[in-house]
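Numbering (the working numbering), first residue to last: -9 to 106. See structure below.
If you want it as structure tokens, here you go:
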């Protein structure tokens, strides 16, 4: 069992033309049970669904959301392991310089209030 597909090429490698479910996460994709998107994706895959992941899409354009096509059933959307506002700001409302759930700690990869 390989990684959940994140591109059309990865779908093709699994001989999948269409996904049943696409999970969209504000976090980077880490295939580990501590990461909700991976846990849910693996659970759904175990039960026979074809699941793909869109990790940290650019919310300012629609391109990233279309990279896997339209799912047969639904998109599941999450801000990630940590609320985006807590991730972006300190208790003193100062902007954080890094995002520990993004590659290289790069901040700004998710919008404020990502699940509202």
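Glycine included, every Cβ here is placed at the ideal spot set by N, Cα and C. None of these values were measured; they are calculated from a predicted model.
Burial state of residue i, where buried means 16 or more other Cβ atoms lie within 10 Å
{"i": "residue 90", "result": "exposed"}
{"i": "residue 79", "result": "exposed"}
{"i": "residue 93", "result": "exposed"}
{"i": "residue 41", "result": "buried"}
{"i": "residue 28", "result": "buried"}
{"i": "residue 31", "result": "buried"}
{"i": "residue 106", "result": "exposed"}
Contacts around residue i, its chain only, beta-carbon distance under 7 Å, and the 5 residues preceding and following it disregarded
{"i": "residue 64", "result": "11"}
{"i": "residue 85", "result": "78, 79"}
{"i": "residue 95", "result": "88, 89"}
{"i": "residue 26", "result": "68, 71"}
{"i": "residue 99", "result": "46, 89, 92"}
Candidates the options: closest to residue i by CA position
{"i": "residue 7", "options": "17, -5, 16", "result": "-5"}
{"i": "residue 39", "options": "22, 45, 4", "result": "4"}
{"i": "residue -1", "options": "82, 57, 37", "result": "57"}
{"i": "residue 53", "options": "-3, 37, 72", "result": "-3"}
{"i": "residue 23", "options": "51, 97, -7", "result": "-7"}
{"i": "residue 66", "options": "99, 43, 97, 98", "result": "43"}
Same chain only: Cβ atoms within 6 Å of residue i, ignoring 5 sequence neighbours per side
{"i": "residue 70", "result": "15, 16, 17, 91"}
{"i": "residue 104", "result": "16, 69, 74"}
{"i": "residue 49", "result": "101"}
{"i": "residue 45", "result": "15, 18, 19"}
Whole-angstrom C-beta distance between residue j and residue i, which should lie under 8 Å
{"i": "residue 1", "j": "residue 13", "result": "Actually they do not touch by this definition, with Cβ atoms about 14 Å apart."}
{"i": "residue 47", "j": "residue 55", "result": "6 Å"}
Chain-order list of residues whose beta-carbon lies under 8 Å from that of residue i (same chain, five-residue window excluded)
{"i": "residue 20", "result": "28"}
{"i": "residue 82", "result": "none"}
Entirely enclosed beta strand (DSSP E) segments - the stretch 39 to 64, minimum 3 residues: With a minimum length of 3 residues, the continuous beta strand (DSSP E) runs that stay inside the stretch 39 to 64 are 41 to 45.
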